[in-house]
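Heads up, the thing below is written out as structure tokens.
Numbering (the working numbering), first residue to last: 38 to 438.
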């Protein structure tokens with residue numbers, strides 16, 4: 038991937054309104070591979086198990102070391118590998134003279150429960166991928182990592198304690214009032230060829246569905262499902278839409294900054310990029326801070342395995358589009374400088390490494406995270422990339438394996 042190009046500084050955007058709220062034990066299959074078995078690759082048809090650490094003998098960050106002697110091996114933190122159906126609650130059988138105990142009702146649907154879980158994990162910076170109300174590979178991986186980070190047994194299951202946590206997610210959905218400024222960030226005529234994109238001032242969203250999906254960390258189709266009968270692309274200022282209750286990604290608050298200042302408090306942190314399981318984890322010592330799904334290079338130009346350093350972080354970067362660099366890893370004189378924006382090839386963030394042309398960055402296609410190739414770099418959804426830069430700094434170590 039090409040390093041970002043330099044461009045003019047934009048005018049700071051005004052702030053916008055935040056979205057306002059609108060008016061029992063559920064097991065998940067925990068499939069652990071047999072000893073010696075090779076887990077399915079992350080982009081296979083069925084979601085695959087995923088270890089949290091590159092070193093399988095590593096003790097979970099907040100766990101207590103096991104005593105010496107004959108002890109059972111530490112559990113292998115594997116993500117659930119297939120969807121599941123919530124059970125129907127049954128009254129507790131009472132003894133003579135006792136009143137039967139009726140358990141609290143389960144959520145109205147599995148979609149509601151999974152949406153709660155995805156929002157819960159997203160709020161805590163353990164990204165489940167795009168919120169869509171469906172159990173999937175990255176929801177399982179995020180749950181496993183949340184459990185490890187909090188000293189819990191990495192079962193990948195929604196136990197009683199987790200269910201109680203999920204019940205505190207209220208409301209599940211909020212309403213968002215469309216602002217006039219939002220419409221200025223949508224360009225249905227946005228070209229797809231670099232030679233045409235290079236003439237624009239910004240690479241904005243192609244539709245309101247894209248804008249809302251990215252703003253609320255969700256699949257645009259899920260946003261449409263929450264607003265049946267509403268044509269999202271005909272929304273006007275003041276119109277309200279139903280969206281997941283997450284901290285919105287506000288593109289308008291981002292500024293074009295070529296080099297963010299360093300944060301010495303983060304200097305000893307480590308970014309770990311697992312190219313097999315398509316996850317990026319940030320550690321502070323042995324403590325897992327946050328985790329997000331990624332796309333890590335391709336067969337032709339794989340992400341560079343090894344230990345690297347962050348040499349610079351920029352927001353709303355320009356991008357030097359050079360086909361020779363993208364296809365063969367070598368610069369040419371035939372290139373285009375593409376302007377900033379959410380549909381810039383490197384998205385809204387560039388975290389440069391001390392390897393030419395390689396970085397951790399956002400994307401112009403959030404639907405493909407974890408499921409398609411990149412040109413040697415590490416891609417994140419824009420809303421996740423914006424959170425990663427709040428946890429890392431220049432000079433930090435990045436381990437790619």
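C-beta atoms are modelled at their ideal positions from N, C-alpha and C, and glycine is treated no differently.
Top-ranked residue by Cα proximity to residue i, from the options
i           : options               : result
residue 444 : 333, 327, 282 and 233 : This structure gives no information on residue 444, because the portion of the chain shown stretches from 38 to 438.
residue 266 : 279, 356, 275 and 341 : 279
residue 399 : 371, 355, 159 and 393 : 355
residue 326 : 338, 185 and 234      : 185
residue 347 : 252, 250, 426 and 413 : 426
residue 178 : 217, 350, 311 and 384 : 311
residue 222 : 435, 380, 416 and 402 : 380
residue 419 : 250, 148, 152 and 155 : 250
residue 269 : 230, 234, 213 and 314 : 213
residue 259 : 166, 344, 198 and 328 : 166
residue 203 : 151, 406 and 227      : 151
residue 224 : 206, 232, 205 and 246 : 246
residue 394 : 198, 358, 402 and 289 : 358
residue 194 : 396, 154, 332 and 336 : 154
residue 422 : 369, 330, 337 and 362 : 330
residue 272 : 293, 403, 218 and 255 : 218
residue 365 : 384, 235 and 338      : 338
residue 483 : 254, 407, 429 and 232 : The structure shown has nothing for residue 483, since the chain only spans 38 to 438.
residue 344 : 147, 401 and 433      : 433
residue 175 : 206, 199 and 404      : 404
residue 274 : 206, 215, 396 and 188 : 215
residue 201 : 438, 187, 291 and 157 : 157
residue 360 : 289, 230, 288 and 244 : 230
residue 392 : 341, 406, 276 and 402 : 341
residue 199 : 385, 181 and 263      : 181
residue 315 : 168, 415, 431 and 170 : 415
residue 295 : 413, 387 and 397      : 387
The alpha helix (DSSP H) enclosing residue i, as first and last residue numbers
i           : result
residue 249 : 245-252
residue 151 : 147-160
residue 364 : 360-365
residue 281 : Segment 277-281 is the beta strand (DSSP E) holding residue 281; no alpha helix (DSSP H) there.
residue 338 : It is not in any alpha helix (DSSP H) - residue 338 carries neither H nor E in the DSSP assignment.
residue 217 : 217-220
residue 439 : Residue 439 falls outside the range modelled here, since the chain spans only 38 to 438, and no answer is possible.
residue 230 : Note, residue 230: premise wrong, no alpha helix (DSSP H); not H, not E.
Residues bridged to residue i [DSSP beta-bridge criterion]
i           : result
residue 330 : 316
residue 374 : 357
residue 345 : 435
residue 387 : 351 and 398
residue 415 : 333 and 397
residue 168 : 255
residue 206 : DSSP lists no partner for residue 206.
residue 325 : 320
residue 163 : 328
residue 475 : Residue 475 falls outside the range modelled here, since the chain spans only 38 to 438, and no answer is possible.
First and last residue of the uninterrupted beta strand (DSSP E) at residue i
i           : result
residue 263 : First-last for residue 263: 257-263, but that is the alpha helix (DSSP H), not the beta strand (DSSP E).
residue 176 : Not the beta strand (DSSP E): residue 176 falls in the alpha helix (DSSP H), residues 174-186.
residue 309 : 307-311
residue 214 : 210-214
Practice problem: Indicate whether the contact test is met: 3 or more Cβ pairs, each with one atom in the region 221-241 and one in the region 367-376, closer than 8 Å. | Solution: yes
Exercise. Inspect the CB distances between the region 280-299 and the region 318-336 and report whether three or more fall short of 8 Å.
Key: no
Quiz item: Per the contact definition of three or more C-beta pairs closer than 8 Å, is the region 295-311 in contact with the region 152-165?
Solution: no
Quiz item: Do the region 350-364 and the region 285-302 make contact, defined as three or more Cβ pairs closer than 8 Å?
Solution: yes
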